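Asker: Residue numbers (this note's numbering), protein chains in the order written: chain A, 4 to 255; chain B, 14 to 356; chain C, 70 to 467.
Where a beta carbon is used, it is the ideal one built from N, C-alpha and C, also for glycine.
Source: prediction; values computed, not measured.
Structure provided below as structure tokens; questions to follow.
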Amino acid sequence: MGILEVQNVGKRFGGLQALQDVNLSVKENTIHAIIGPNGAGKSTLLNCLVGKLFPDSGTVQFDGNSVLGRSPYEINQMGISRVFQTPEIFGDLSVMENMMIPIFAKRDGSFSLDALSDFMKHKDIVEGAEKILEEMNMSNKQGMQASSMSRGDKRRLEIGMCLSQEPRLLLLDEPTAGMARADTNNTIDLLKQIGNERDITIAIIEHDMHVVFSLADRITVLAQGTPLVEDVPDKIKGHPKVKEAYLGETAH
Amino acid sequence: MDQIILQVLNGLDKGSAYALIALGLTLIFGTLGVVNFAHGALFMLGAFCAITFSRILSLSHVVIDETQKDFLGNPLKVDVPHIYDWFGESAGQAIINWSVPLAILFAIPVMIIIGVIMERGLIKHFYKRPHADQILVTFGLAIVLQEIVKYYFGANQIPNPAPEAFIGSFDFGAAIGLKAGTIIYPYWRIVYFCFAMLLIGSVFAFLQFTTFGMVVRAGMADRETVELLGINIDKRFTIMFGVAAAVAGLAGVMYTPINPPNYHMGMDFLVISFVVVVVGGMGSLPGAVAAGLLLGILESFASMRQVIEALPGINQVVIYLAAIVILLTRPRGLMGRKGVMED
Amino acid sequence: MLGLNRKDASLLIIVAILVALAPVLLNPFPEQSGLAQFNAGYPDLMQRFVIFGIFAIGFNILFGLTGYLSFGHAAFLGAGSYAGVWMLKLLTINVIPAIIISTAVAGIFALIIGFISLRRSGIYFSILTLAFAQMSFALAASVLTPITGGETGLQTALDDPRILDGANATGNIPAPSIFGLQMGDSIQLSLGGWLWTFNVGYYLAALVMLSAFYLAIRIFRSPFGIMLRAIKSNQQRLNYTGLNTKPYMLACFVISGMYAGLAGGLMVSMDPLAGAERMQWTASGEVVLMTILGGVGTLIGPVLGAGLIKYFENIFSKINDNLLHKWFAFMPDGAEDFIVSIIYPFVGKGWHLTLGLIFMAVIIFLPGGLVELGQKVAYIFKKKNPTPTSTPNTKPAE
């Protein structure tokens, strides 16, 4: 029984069957990659996992509880954090404030009408943020406005914001899309390190196969809305069905 | 039955004014992506084009009329509009009498020029800024425009009568076989409605059947692709802004006999027009027209005596109430497209 | 001090000193001099400065922090005003219950309108608030006449019940007061050619304004305030960070509405008359102008903006052509007439035009308003530290 169990999930947009009979089980404390060519339904699947879309059929369970019908913030409070394709951070706020908000959300829940205390005087939150910034190698950027950083730094910040909540499951949506080679490698290293050092399950949605081979413990290949194969990276590499999916019908 | 027909008719002329302003507003929003709070001011400027035009027509010089004497026995001085000298007295009188419809010819170039100057001079710099900024800067522009008009024309309403041929009312009831005198409808309102439909029709035809319109529509749907094809979409959008300004201006010109214009009429109409656009669906041209007519009719039904007795005050709020209900039940309005104005 | 950091505390102290000395500072010209008409230090106007300051501070909590542009905030000002007058009529001529109830009633009103309007964002939110405010205005002016006094407005009368004071059937209509001190009471101090008026109503309003300002600083610095700024910055990320944006927005909207109600309550405490036009959308537009002119998202900006607009409305608007001719009398006749004819449209009755132009200039060139202007000027003088970051966010809001 994995920490994330997807069973028979289907989703249709008008005439397009985006997902069909998707079954997926992500084991605790592993790095699980979901790959597939463009239009395979990866993003749709991810959106079903985080409450943005409601599947037509099937169930999605996280640690034994259904996530379906819950809002993104409730799913986050269950212990799932999400990293977006383009870094989603609070661009107008400082790096420090960016890092403090998720810790505050973890401590005080989804809403707190604390309109009188000074945010910067919440010692535990400040310390927590400083710690994670150091871990992300960003201590020197505390006072910067987040939107003024490089894309790679924004990505690090976003991952840091997710980790600061100590989630049980970290979902990443093409975390290296649009990145330069060096930034991509840094990000891969960072994720490896996180996977090794923390008690965390990571699920990555990725278009680029090469990113995940060195990273993932298990890989699921999605094509035309259904899982094709699921196996360890070495087995996936030469798998004929995977080649077929990526190269298209010409392989017939 | 006659009551219903009467209310529908009453709603149509106000509704067509709403529709015309909302159409221009949507055109600007759909093409340029700009929320234009100064659009009501364009409507107002159009109305004052009509006033200016009729004042130009009646510019006079003093002539001493030997045939008439005043009470002291001196020859009477009469003001003779220049136009009498040019076209003869009877033709001149006819021209002055028909000043409102003729003002259309005057207003079209003026409004297009105002629109183009506005777009090139101000709006252009706000394409990439947030919608709130666009609302605010055009709100500021509206204040400036109406204050300028107030300075030159004063704060009072200025009457501007319709041609004599259209003064009076048409007995609609008698015409369709109901009792005479039950459905009385002023001629000019019929003219206004027909004019509005004609104008709306021409805008749609222009967009639908000309190459220019086709490119603009393509640009509305996907600006980047059209630009990639090497078409200068900016220039066309500027022209569309001019067209939208002209549509609002003409709506204003023809509205002067119905409601004598004053400097803040634009603001009064703007609020309702925005409601109309949102009800119709942001960015949908047919939606704007349909919602304009619909809300106009709804408003006049709500003004019926029986309705007011049942629901006091409903006539004052029905438009807003309809807007709230529609926005909450159909978030994109009646005919709105997906993804327009959604964060 | 008071739980504020040094910078905020010194800002509060400076504002407090300026407000306390306003009757002196705003009357820089001797009573008999020709410039005395530019003195703004009379009670009626000073009351308006601080009351509209409160209104703008409250509006800024909503628009400045979250970027949600409400075009219907005057509805809460109006609701607060009506509630205030009713308290003065029914309960007591003492203004304290009136002010408290105004705030509470506006809060409830804001809760209802906010609950519905906040289901949409962006321009749809603006239109919804506008629609609600226009509805309130139309109803207040017509059907609700028994409650609102219709177009003549609601005011206190001699035979009001006033449960706590006891109705008096003779004499004058009692003036609003606080524990016996009437709002209109003043101490006048004449020194040299100068005349200064220290007015009870003004100081009460000023005290309330300072508390409201203090509270706003606390809100800006609190976790709640940071979350509101995060909503403006990236609502999606906030949702995925486990925070429910809806109650945050609603709480913010209600707080903002309560500020407006407080302003309305103070307004009727100074002059117990509430009219429907106070709810009209142009009144909502005015508070938008104030906030943006002063500096949206900044602490002190809205107060400055409110002061500027009220100064324009009451003082600048008094400049007429006679006065202009007097000023430019030193010029040769032709030049004098020419200059006057150029300036005249922009002053006196044309003050709206100048205001509109300044407003547009601010939006185009100075999104941070007067506060940003001040910072730029300060920077030119200092030429030291090029980061004017004390405004939390000078970026225009969506």
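Roughly how many angstroms separate the alpha carbons of residue 329 (chain B) and residue 291 (chain B), rounded to a whole number?
Answerer: 19 Å
Asker: Whole angstroms is fine: what's the gap from residue 199 (chain B)'s alpha carbon to residue 270 (chain B)'s?
Answerer: Straight through space, the alpha carbons of residue 270 (chain B) and residue 199 (chain B) are spaced by roughly 11 Å.
Asker: Interface residues of chain A around residue 298 (chain C) at Cβ under 9 Å?
Answerer: 93, 95, 96 and 100
Asker: With a threshold of 8 Å, are at least 3 pairs of Cβ atoms found where one atom belongs to the stretch 325-339 of chain B and the other to the stretch 51-62 of chain B?
Answerer: Verdict: no, contact absent.
Asker: Leaving out five residues on either side along the sequence, give the residues of the same chain with a beta carbon under 8 Å from the beta carbon of residue 218 (chain A).
Answerer: 34, 36, 191, 194, 195, 198 and 207
Asker: Taking only the alpha-carbon atoms, compute the straight-line gap between residue 155 (chain B) and residue 352 (chain C) and give it to the nearest angstrom.
Answerer: For residue 155 (chain B) and residue 352 (chain C), the distance between alpha carbons rounds to 15 Å.
Asker: Looking at C-alpha atoms only, which residue of B:48, B:68, B:153 and B:246 is the closest neighbour of residue 108 (chain B)?
Answerer: B:68
Asker: Mind listing the chain C neighbours of residue 116 (chain A)? Cutoff is C-beta to C-beta under 7 Å, in chain order.
Answerer: 293 and 320
Asker: Taking the CB atoms as reference points, tell me whether residue 39 (chain B) and residue 301 (chain B) lie closer together than 7 Å.
Answerer: yes
Asker: For residue 305 (chain C), go through chain A and note every residue whose CB falls closer than 9 Å to its CB, in chain order.
Answerer: 75, 87 and 91
Asker: When you compare the CB positions of residue 244 (chain C) and residue 235 (chain C), do they come within less than 7 Å of one another, or not?
Answerer: no
Asker: Residues in the same chain with beta-carbon distance under 6 Å from residue 459 (chain C), minus the five sequence neighbours each way, listed in chain order, please.
Answerer: Low per-residue confidence applies at residue 459 (chain C): pLDDT is 45, beneath 50, and the placement is therefore not dependable enough to give any value.
Asker: Compute the Euclidean distance between the alpha carbons of residue 132 (chain C) and residue 318 (chain C), then round it to the nearest angstrom.
Answerer: 11 Å
Asker: Which residues mark the beginning and the end of the beta strand (DSSP E) in which residue 256 (chain C) is found?
Answerer: 255-260
Asker: Going by other Cβ atoms of all chains shown within 10 Å of its Cβ, with 16 needed for buried, is residue 137 (chain C) buried or exposed?
Answerer: buried
Asker: Please name the residue in C:398, C:376, C:259 and C:360 whose C-alpha comes closest to that of residue 109 (chain C).
Answerer: When C:398, C:376, C:259 and C:360 are compared, the shortest CA-CA separation from residue 109 (chain C) is found for C:376.
Asker: Could you check the C-alpha separation between residue 255 (chain C) and residue 269 (chain C) for me, to the nearest Å?
Answerer: 6 Å
Asker: Based on DSSP bridge pairs, tell me the residues matched to residue 73 (chain B).
Answerer: According to DSSP, residue 73 (chain B) bridges with B:94.
Asker: Roughly how many angstroms separate the alpha carbons of residue 19 (chain A) and residue 215 (chain A), rounded to a whole number?
Answerer: 28 Å
Asker: Going by DSSP in three states, residue 463 (chain C) sits in which element: helix, strand or coil?
Answerer: Because the pLDDT of residue 463 (chain C) is 40, which lies under 50, any placement of that residue in the model is unreliable, and the question is left without a value.
Asker: Anyone know if the C-beta pair for residue 128 (chain B) and residue 255 (chain B) falls short of 7 Å?
Answerer: yes
Asker: Does the Cβ-Cβ distance between residue 28 (chain B) and residue 306 (chain B) come in under 7 Å?
Answerer: Less than 7 Å separates the beta-carbon of residue 28 (chain B) from that of residue 306 (chain B).
Asker: Report, in whole angstroms, the separation of the C-beta atoms of residue 343 (chain C) and residue 222 (chain C), which I expect to be a contact under 8 Å.
Answerer: That pair is a contact at about 6 Å.
Asker: When you compare the CB positions of residue 345 (chain C) and residue 210 (chain C), do they come within less than 7 Å of one another, or not?
Answerer: It is a contact, given that the beta carbons lie within the stated cut-off.
Asker: I'd like to know if the stretch 71-78 of chain C and the stretch 276-290 of chain C are in contact, where contact means that at least 3 CB-CB pairs between them fall below 8 Å.
Answerer: yes
Asker: Could you name the residues of the stretch 25-45 of chain A whose beta carbon sits closer than 7 Å to any beta carbon of chain C, in the order they occur along the chain?
Answerer: none
Asker: So, helix, strand or coil for residue 141 (chain B), using DSSP?
Answerer: coil
Asker: Give me the chain C residues within the contact set of residue 80 (chain A), using Cβ-Cβ distance strictly less than 8 Å, ordered along the chain.
Answerer: 311
Asker: Under 7 Å, Cβ to Cβ, is there at least one residue of chain B near residue 370 (chain C)?
Answerer: no
Asker: What three-state label does DSSP hand residue 199 (chain B) in the structure shown?
Answerer: strand
Asker: If we count the other Cβ atoms within 10 Å of its Cβ and call it buried at 16 or more, is residue 466 (chain C) buried or exposed?
Answerer: In this prediction, residue 466 (chain C) scores a pLDDT of 38, lower than 50, which makes its location untrustworthy; no coordinate-derived value is stated.
Asker: Since residue 301 (chain C) meets chain A, which of its residues come closer than 8 Å, beta carbon to beta carbon?
Answerer: 95
Asker: So which residues of chain A does residue 287 (chain C) contact, with C-beta pairs closer than 9 Å?
Answerer: 118, 119, 120 and 121
Asker: Give the DSSP-derived three-state secondary structure of residue 109 (chain C) in the structure shown.
Answerer: coil
Asker: With burial defined as no fewer than 16 other Cβ atoms inside 10 Å of the residue's Cβ, what is the status of residue 268 (chain B): buried or exposed?
Answerer: buried
Asker: Per DSSP, which residues does residue 150 (chain C) bridge with? Please list them.
Answerer: For residue 150 (chain C), DSSP assigns no beta-bridge partner whatsoever.
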